[in-house]
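Per this note's numbering, residue 715 is the first one in the sequence shown, and the count goes up by one each step. Let me begin by presenting the structure, written as structure tokens, before commenting on it.
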Amino acid sequence: MKGVPDGLLGELRVMAREGKLAGIRRIRLDLVQEWLDRGSTAERACKRLTRFNRDVVTAVLEAHAVEYPWLSQCTFMEFGSGGREEMVPGSDQDNGLLIPIRVDEDEVDDCTQSIVIALDGAGLSLCDGGVMVSNAEWRGDFDTWLDRLTGWLSNPAEKGPWQSGLILDFQAVFGAMDEVRRMRERLWEYVRTKPIALSLLVRELTDYRLPLTLFGAFVTEREGPWHGFLNIKSSVLAHLTNSARILALKHGVHPHNTCDRIRALGEAGHISEHHFRSLLDGWEYLQRKRLEIGLECDRTGLPPHNYINPAVLDQGERIRLKAAIHAVEKLVRLVQAGSGL
715 MKGVPDGLLG ELRVMAREGK LAGIRRIRLD LVQEWLDRGS TAERACKRLT
765 RFNRDVVTAV LEAHAVEYPW LSQCTFMEFG SGGREEMVPG SDQDNGLLIP
815 IRVDEDEVDD CTQSIVIALD GAGLSLCDGG VMVSNAEWRG DFDTWLDRLT
865 GWLSNPAEKG PWQSGLILDF QAVFGAMDEV RRMRERLWEY VRTKPIALSL
915 LVRELTDYRL PLTLFGAFVT EREGPWHGFL NIKSSVLAHL TNSARILALK
965 HGVHPHNTCD RIRALGEAGH ISEHHFRSLL DGWEYLQRKR LEIGLECDRT
1015 GLPPHNYINP AVLDQGERIR LKAAIHAVEK LVRLVQAGSG L
């Protein structure tokens, strides 16, 4: 599956070399709209968008490697939704740099600052939590990275924007792939064999509250600018993603993508057929809403968000939203009951 149509990758490289990155924002949104108009599923659209963004990253890093030749020996990694191939319009940067050689730190600072600014200009916004190569905490050699990631996972008192989902889902985008695959295998094996690490992941699910009342009404924001709205990412999708990851760890399921994990778990009999199909339908509905929200925010000039107003949904959409919520709750309870441990 290709992110950039034939002929466009070369154009992206030229735009990156010449610093003409603003046009990439428009190309990205036009492609997403075209994919949806042609009947693409949300799953396929998100995978294609992620790969488009990776092509943009590659073009930007190739341009920087001309000025900073040592960059060609490094590996640029994507974490979180990028690592799972689940990006939507408005997804921000979550990245890191594996540096296997000695490089002057001031030069690394200059290079990585320029990279994240260029990516921001190309429509991949800066991460509010600082999960970017411009932050020294997100750079280092193999041993530094492995010690850092296992240290974070072994300390249940330490929380941050990097927690669990972000640091367990990552892939190499630019540079050598083997070391990143080896690091991911080492990290996943660490989590699988350390009860405290697994308990930390499950503990993140304990705060889950079904965003429905006993009478079937949606539980929405009670105050603020999003009063009456529901955050479908934090209230529903994040719990689906986290639960699927825990079960994947437990059963040695290797796909990066949440839908692929759910399919593999279902095909192996760890989730019932009816349940895993309900989860896939729920993910598809919710992620398509996020794609549509991103496009609408662009049209109206609003910052991207993950809120929907259940009151304006038609009956069919309300039924699908409730079904998604119930399917996710069932998965969360399955993990909390011990099936994921």
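Every residue, glycine too, gets a C-beta built ideally from N, C-alpha and C. The model shown is predicted, which means the values in this text are computed figures rather than measured ones.
Worksheet item: Per DSSP, what kind of secondary structure is Arg959 in: helix, strand or coil?
Response: For this step, residue 959 is matched to residue 245 along the sequence shown. DSSP places Arg959 in helix when its eight states are reduced to three.
Worksheet item: Does the Cβ of Pro803 have 16 or more other Cβ atoms within 10 Å, making it buried, or fewer, making it exposed?
Response: Position 89 of the sequence shown holds residue 803. By the neighbour-count rule (16 or more Cβ atoms within 10 Å), Pro803 is buried.
Practice prompt. Look at Leu726 and Val771 and say whether their C-beta atoms are less than 8 Å apart.
Written response: As a working mapping, residue 726 is identified with position 12 in the sequence shown. As a working mapping, residue 771 is identified with position 57 in the sequence shown. In this structure, Val771 does not lie closer than 8 Å to Leu726 by Cβ.
Fill in: Member of Ala756, Phe884 and Ile985 whose CA lies at the smallest distance from the CA of Leu812
In the sequence shown, the residue the question calls residue 812 occupies position 98. Among Ala756, Phe884 and Ile985, the Cα nearest to that of Leu812 is on Phe884.
Worksheet entry | Other residues of its chain near Phe793: CB distance less than 6 Å, five sequence neighbours each side excluded | Numbered from its first residue, the sequence shown carries residue 793 at position 79. Within the same chain, Phe793 has close Cβ partners Asp808, Leu880 and Phe884.
Worksheet item: Going by DSSP, which residues form a beta bridge with Ala886?
Response: The sequence position of residue 886 within the sequence shown is 172, counting from 1. Paired residue(s): Met791.
Item to complete: Tell me Arg853's beta-bridge partners as DSSP assigns them.
Response: Position 139 of the sequence shown, counting from 1, holds the residue named residue 853. Paired residue(s): Leu811.
Practice prompt. Report the rounded CA-to-CA distance for Val822 versus Asp855, giving the unit in angstroms.
Written response: Taking the first residue of the sequence shown as position 1, residue 822 is located at position 108. Taking the first residue of the sequence shown as position 1, residue 855 is located at position 141. Roughly 13 Å between the two C-alpha positions.
Practice prompt. Go ahead and label Glu903 buried or exposed: buried means 16 or more other beta carbons lie within 10 angstroms of its beta carbon, across all protein chains shown.
Written response: Residue 903 sits at position 189 when you count from the first residue of the sequence shown. Label assigned to Glu903: exposed.
Worksheet item: Can you give, in chain order, each stretch of the beta strand (DSSP E) that sits fully within the stretch 907-944 and has at least 3 residues?
Response: none
Discussion item. Check this for me: beta carbons of Ile1039 and Leu924, under 8 Å apart or not?
Written reply: Taking the first residue of the sequence shown as 1, we reach residue 1039 at position 325. Taking the first residue of the sequence shown as 1, we reach residue 924 at position 210. Yes, they are a contact pair.
Fill in: Contact between the stretch 938-958 and the stretch 1013-1028 (3+ Cβ pairs under 8 Å)
yes
Worksheet item: For Gly1054, is the classification buried or exposed, using 16 other Cβ atoms within 10 angstroms of its Cβ as the cut-off for buried?
Response: Your numbering for residue 1054 matches position 340 in the sequence shown. No answer about Gly1054 holds up, because its pLDDT of 45 lies below 50 and its placement is not dependable.
Worksheet item: Thr755 lies in the alpha helix (DSSP H); which residues open and close that run?
Response: On the sequence shown, residue 755 is found 41 positions in, with the first residue counted as 1. It is not in any alpha helix (DSSP H) - Thr755 carries neither H nor E in the DSSP assignment.
Fill in: Backbone secondary structure at Ala1037 - three-state DSSP
Along the sequence shown, one-based indexing puts residue 1037 at 323. If DSSP states are grouped into helix, strand and coil, Ala1037 belongs with the helices.
Discussion item. Which residue wins for smallest C-alpha separation from Leu919, given the options Leu926, His953 and Arg765?
Written reply: Position 205 of the sequence shown, counted from the first residue, corresponds to residue 919. Of the candidates Leu926, His953 and Arg765, the one whose C-alpha sits nearest the C-alpha of Leu919 is His953.
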